Every structure is written in C-alpha cells, then in structure tokens.
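Novice:
In full-length UniProt numbering, the protein residues as written are 1 to 252.
(1) Tell me whether residue 64 sits in a helix, a strand or coil according to DSSP, three-state version.
(2) Would you check if there are 3 or more beta carbon pairs closer than 8 Å linking the segment 158–178 to the segment 219–228?
(3) Residue 111 and residue 39 look like a contact to me (Cβ under 8 Å); what is the Cβ gap, rounded to whole Å?
(4) Are the Cβ atoms of residue 134 and residue 55 separated by less than 8 Å?
(5) Using the C-alpha atoms, what's the distance from residue 63 back to residue 45?
(6) Is the beta carbon of residue 207 less than 8 Å from the beta carbon of residue 213?
(7) Once DSSP output is grouped into helix, strand and coil, what is the label at residue 149?
(8) Can you tell me whether residue 37 is buried or exposed, with buried defined as 16 or more other CB within 10 angstroms of its CB?
(9) Given a cut-off of 8 Å on the beta-carbon distance, is the pair residue 181 and residue 222 in contact?
(10) With distances taken from CA atoms, which of 220, 147, 163 and 136 is nearest residue 86?
(11) Comparing C-alpha positions only, which one of 196, 119 and 142 sits nearest to residue 161?
(12) Closer than 6 Å by C-beta to residue 157: which residues in its own chain qualify, once you throw out the five before and the five after it? Chain order, please.
(13) The beta strand (DSSP E) spanning residue 174 covers which residue range?
(14) Tell me whether the segment 68–79 and the segment 99–114 touch, counting them as touching only if at least three CB pairs, one residue from each stretch, are closer than 8 Å.
(15) Residue 141: buried (16+ other C-beta within 10 angstroms of its C-beta) or exposed?
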C-alpha cells in the first residue's frame, strides 16, 4: 500500500501550477518533461488526422474527406516512384514510417510553440486534447475508407459506367433515373443483378460524369438524357426524346 507521502507526490506531479508544469517534474533521461511528450503526442495524432485548416472548416460545418497524412503519403509515394494512382495502391512501410515521424516532429513543434509563446505548457496539452477531439469528429463524419479490393471494384464500376455514359448519354434534355438504370442493365452485363449497383452509387456516378445534371425529388434529371438509337432487336427508336415533352408538372 502506498504511503500518504507517495500520494502527495503523485498529486503534486499531476496537479501542479499547470498540467504540464506538474508533469514536467517527471522527466525522461533526455531531460524532456512527460508533459512535453504528452502535448507533442496529442498534437501529432491530431495533425495526422486533421489539419489546422480542416479544424477551422469544422466550425463552419464542412468536413474534408482526406486526411493530411493521406496527402503526405501520396506525395512521398510519387517522390519514390510508387504507383499512387493505382486503386490497389497501399503505401508500403518505407513510406509510412517517415510519414509518422514527420507528424511526430510537427506535433512536437506545435507543442513547443505554445510553450515558448505563452510561457505556460498548459496550453499545449489543453489545445492538443481539443484538436484530438476535433479530429475524432472528422473521422466520424468522413466516408468509410475503402480497402484496396473495394477501391479496385469501385474504379472498375466507374470505368464501365463512364464508357456506357459516353456512348449512351447526352448532357442535355431530360430523363428519369429509371431509364438510365434500365439501359445500363441491358448494355452492361455486370449491372444486371439487382444488387450490383445501389441507387446512391448510380447517382454519384452520374454526378461525376455530368456535375451540371440536376435531379428532382421525383427522380427526373434535367440536362441529361439517353441518346436516341434504333434497337437492333425490335427496330424501334429508343432514348429520351419523349422525356423532353414531359409536362413540367410531372417533372417538378
């Protein structure tokens, strides 16, 4: 059992004049206080997942999907000749280690700046905790990250859809989402099963192919239509020509 004096020593270390001043009395062999290491570690983790600009955008209600570490990993990959544009690319350990060290150094620099500028290490830890909480909010708000296999599958779907869209869609006119889905199922084998492409994924692909296409709540697209062509089996004209004449009350 610990003696009362030991409890007092622990309390003094934790509840000193400031958080880091208390922890600062506990030092490593290199002379760094544990408070300095804690503050640097907190800021390193926060910066790995969320940049200062993203912290600002969070208060404005915006969520950036990319981590700062993703950008660094990609740049280091390019510098070392990695195929970073390949959907199956995953940064090797040779790239990840320098990235972690870079953010560790950045976290230490931020913690030191607070200590030097304000003369009180309390700000280093308190702001580091706040930054980590904001980074956690970002991670919750970001889309689920794809593994290499999922990324390859998504890229393959997009390439198939883009080829279909280039051949069968036009950036004018009007049509319904169901018309596009029906044509896609007929012409692209991989999309024929009911669960091969969700409605949200189809809308994302349409938006990527034609950002100016406007979708109404009822599923009609403006500035987007199927190209007319003769069906080789029935000899009938297919496409969205009829959609152009749809009444405004039906489309709105």
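No residue lacks a Cβ here, since even glycine has one placed at the ideal position from N, Cα and C.
Remember, predicted model here, so these are calculated numbers, not experimental data.
Specialist: So, from the data block:
(1) Residue 64 falls in the coil class under three-state DSSP.
(2) Yes, they touch.
(3) 4 Å
(4) Yes, the pair counts as a contact, with Cβ atoms nearer than the cut-off.
(5) Each residue's Cα considered, the two are about 18 Å apart.
(6) yes
(7) helix
(8) buried
(9) Contact flag unset, no.
(10) 147
(11) Selected option, being the one with the closest Cα: 196.
(12) none
(13) 174–176
(14) They touch, by the three-pair rule.
(15) exposed
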